[in-house]
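Q: For reference, the structure I am asking about is given below.
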């Protein structure tokens, strides 16, 4: 069941200037179907709020530095992803000046299922790591990095929504 805030997120989308490109319907009164929203500014309250539902906001950026800044301005920092074929961007994304999140993904969506790795976030989404072989390093700032070199987009746990 998606939280009531997720359902209200879809309703507030319109007054914040967003456009629902696909999805956006509430199913069974309690669930939100996968939704893609465009047209919102990167600093819209809707974008900055942590929403527990399958809602994707498409945010344009000018360059890599702008993308990192937009990514890092949210208060949460559990997991984030970048899609690129540029090795320089990969290393900058997972490095100290890159994504301010505990789990950094490359060419993989943020699925929260990085099994075996240290799990945890930064900022309001945690401050430490648990599980995995790195659990004892909870006092160090570490990131789990996953990189997909294939031309296919794997889905969390092999789930196919088609």
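Residue numbers (this note's numbering): 1477 to 1638.
Just so it is clear, CB atoms sit at the ideal spot from N, CA and C, and this is done for glycine as well.
Determine the DSSP secondary structure at residue 1584, reduced to helix, strand or coil.
A: Walking along the chain shown from the start, residue 1584 turns up at place 108. Residue state, collapsed to three classes: coil.
Q: Report the three-state DSSP secondary structure of residue 1477 (helix, strand or coil).
A: Residue 1477 sits at position 1 when you count from the first residue of the chain shown. For residue 1477, the predicted model reports a pLDDT of 49, less than 50, meaning its position is unreliable; a value from the coordinates is still stated below. Coil, per DSSP.
Q: Tell me whether residue 1534 is buried or exposed, calling it buried when 16 or more other Cβ atoms sit within 10 Å of its Cβ.
A: Translated into positions along the chain shown, residue 1534 becomes position 58. The residue is exposed, with fewer than 16 neighbouring Cβ atoms inside 10 Å.
Q: Exposed or buried, what is residue 1583 when buried is set at 16 or more other beta-carbons lying within 10 Å of its beta-carbon?
A: Residue numbering aside, residue 1583 sits at position 107 when the chain shown is read from its first letter. The residue in question, residue 1583, is buried, as its Cβ has 16 or more Cβ neighbours within 10 Å.
Q: Run through the DSSP bridge pairs and tell me what residue 1629 is partnered with.
A: Here residue 1629 refers to the residue found at position 153 of the chain shown. Beta-bridge pairing links residue 1629 to no other residue.
Q: The beta strand (DSSP E) that contains residue 1541, what's its start and end?
A: Taking the first residue of the chain shown as 1, we reach residue 1541 at position 65. No beta strand (DSSP E) contains residue 1541, which is instead part of the alpha helix (DSSP H) from 1540–1548.
Q: Would you grab the beta carbon distance between residue 1493 and residue 1516 for me? Rounded to a whole angstrom, and I think it's under 8 Å.
A: Along the chain shown, one-based indexing puts residue 1493 at 17. Along the chain shown, one-based indexing puts residue 1516 at 40. Yes, residue 1493 and residue 1516 are in contact; Cβ-Cβ is about 6 Å, under 8 Å.
Q: Taking residue 1628 as the reference, which of 1559, 1496, 1570, 1549 has the closest Cα?
A: Locating residue 1628 in the chain shown gives position 152, counting from the first residue. For the residues 1559, 1496, 1570, 1549, the minimum Cα distance to residue 1628 belongs to 1559.
Q: Cα separation between residue 1509 and residue 1530?
A: Start at 1 with the first residue of the chain shown, and residue 1509 comes out as number 33. Start at 1 with the first residue of the chain shown, and residue 1530 comes out as number 54. Using only the alpha carbons, I get a separation of about 7 Å.
Q: Should residue 1544 go down as buried or exposed, given a rule of 16 or more other Cβ atoms within 10 Å for buried?
A: Start at 1 with the first residue of the chain shown, and residue 1544 comes out as number 68. Residue 1544 should be labelled buried.
Q: Give me the residue from 1570, 1562, 1563 with the minimum Cα distance to residue 1556.
A: Here residue 1556 refers to the residue found at position 80 when the chain shown is read from its first residue. Per the Cα distances, 1570.
Q: Taking the alpha-carbon of residue 1578 as reference, which of 1563, 1562, 1599, 1561 has the nearest alpha-carbon?
A: The residue you call residue 1578 lines up with position 102 of the chain shown. Considering only alpha carbons, the answer is 1599.
Q: Give me, in chain order, the residues of the same chain whose beta-carbon lies closer than 8 Å to that of residue 1573; leave out the 5 immediate sequence neighbours on both sides.
A: Along the chain shown, one-based indexing puts residue 1573 at 97. Hits under 8 Å: 1544.
Q: Figure out for me which residue from 1507, 1549, 1504 has the closest Cα to the Cα of residue 1520.
A: The sequence position of residue 1520 within the chain shown is 44, counting from 1. It is 1549.
Q: So, helix, strand or coil for residue 1564, using DSSP?
A: Translated into the one-based positions of the chain shown, residue 1564 becomes position 88. Here residue 1564 sits in helix by DSSP.
Q: Could you tell me the alpha carbon to alpha carbon distance between residue 1624 and residue 1503, rounded to whole angstroms?
A: The sequence position of residue 1624 within the chain shown is 148, counting from 1. The sequence position of residue 1503 within the chain shown is 27, counting from 1. Using only the alpha carbons, I get a separation of about 32 Å.
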